[in-house]
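Novice: Count the sequence shown with the numbering used here and you get residues 874 to 1056, in order.
Cβ atoms here follow ideal geometry from the backbone N, Cα and C, with glycine treated the same way.
Note that the structure is predicted; figures quoted are calculated from it, not measured.
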Amino acid sequence: MNRYLIITVFLITTFFASALYAKEARVDKLFVGKKPSLNISFVIQDAFKSDMEEGIKSGIPTTFTFFVELHRVRRMWPDKVVEKWKFEHTVKYDNLKEEYEITLGELNEIVRTKDFLEMKRLMVTGNSIELKSDKALRENSRHTLRIMAQMDIIELPFLLRHMLFFVKFWDFETDWYTFRLAS
């Protein structure tokens, strides 16, 4: 009986200690420009975990989805969503060529690199992404820009799902990061 109690306490302590030290992914270094059109640059911090890196190196395609929303701030009413954008960064590793293929959805561009750190940088960074909109920003109105990133669980074929059980722990979602635009 004592042995089971000791094992249970050890497992609970280990679980909570690892959860305590795990860093959450977050949007960082957001820059918003309004001239000549609305554009953003950002970095997602702490998006890669070690098991995710191993999965990518073994050839599992991985996609980060970025959501951006432009809101008009209204008094005494909920804010109005003016425009929404969504784009993806996808990485696939080719074991034969030993290179990463990164698809940058906002640019409709494919980048190939053999450098693992360069692949990570491309996956979590957005540089001067132009947010095209039919709706102009209203003069004398306050606006906010919100951004978040998420990585969903990868759907694998039935047999691989049981062999690569750790993949389900990869999903993450950052909190919304809100930036107030100057009038």
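Given a cut-off of 8 Å, decide if residue 958 and residue 941 are closer than it, judged by their beta-carbon atoms.
Specialist: It is a contact, given that the beta carbons lie within the stated cut-off.
Novice: Cβ atoms of residue 929 and residue 999: under 8 Å apart, would you say?
Specialist: no
Novice: Using the C-alpha atoms, what's the distance from residue 966 back to residue 894?
Specialist: Low local confidence applies: a pLDDT of 46 at residue 894 is under 50, so the model's placement there is unreliable, and no value is given.
Novice: May I ask which residues mark the beginning and end of the alpha helix (DSSP H) holding residue 993?
Specialist: 989 to 997
Novice: In chain order, what are the residue ranges of uninterrupted alpha helix (DSSP H) at least 4 long that sit wholly in the stretch 898 to 938?
Specialist: 923 to 930
Novice: Since residue 977 and residue 1018 are thought to touch, with beta carbons under 8 Å apart, how far apart are those beta carbons, to the nearest angstrom?
Specialist: Contact between residue 977 and residue 1018 is ruled out by a C-beta separation of about 20 Å, above the 8 Å threshold.
Novice: What's the C-alpha gap between residue 927 and residue 899?
Specialist: 21 Å
Novice: Might you give, ordered along the chain, the residues of its own chain that have their beta carbon closer than 6 Å to the beta carbon of residue 1004, omitting 5 neighbours on each side?
Specialist: 911, 958
Novice: I believe residue 907 touches residue 915 by the beta-carbon criterion, under 8 Å. Please report the beta-carbon distance rounded to the nearest angstrom.
Specialist: Between residue 915 and residue 907 the Cβ distance is about 16 Å, and since that is not below 8 Å, they are no contact.
Novice: Could you give the distance in angstroms between the alpha-carbon of residue 1023 and the alpha-carbon of residue 948?
Specialist: 30 Å
Novice: Can you give the beta carbon distance from residue 995 to residue 962, rounded, assuming they're within the 8 Å contact cut?
Specialist: With a Cβ gap of about 7 Å, residue 995 and residue 962 count as contacting.
Novice: Measuring CB to CB, does residue 960 end up less than 8 Å from residue 982?
Specialist: no
Novice: Would you decide whether residue 997 is buried or exposed? Buried here means 16 or more other CB atoms lie within 10 Å of its CB.
Specialist: buried
Novice: Could you check where the beta strand (DSSP E) with residue 1012 kicks off and where it finishes?
Specialist: Counting along the chain, residue 1012 falls outside any beta strand (DSSP E), and DSSP gives it neither H nor E.
Novice: Going by DSSP, what residue range makes up the beta strand (DSSP E) through residue 972?
Specialist: 972 to 977
Novice: Excluding sequence positions up to five away, which residues of its chain have a Cβ less than 6 Å from the Cβ of residue 973?
Specialist: If you ignore the 5 residues before and after residue 973, its C-beta comes within less than 6 Å of the C-beta of 964, 966, 986, 992, all in its own chain and listed in chain order.
Novice: Measuring only the C-alpha atoms, how far is residue 956 from residue 969?
Specialist: 42 Å
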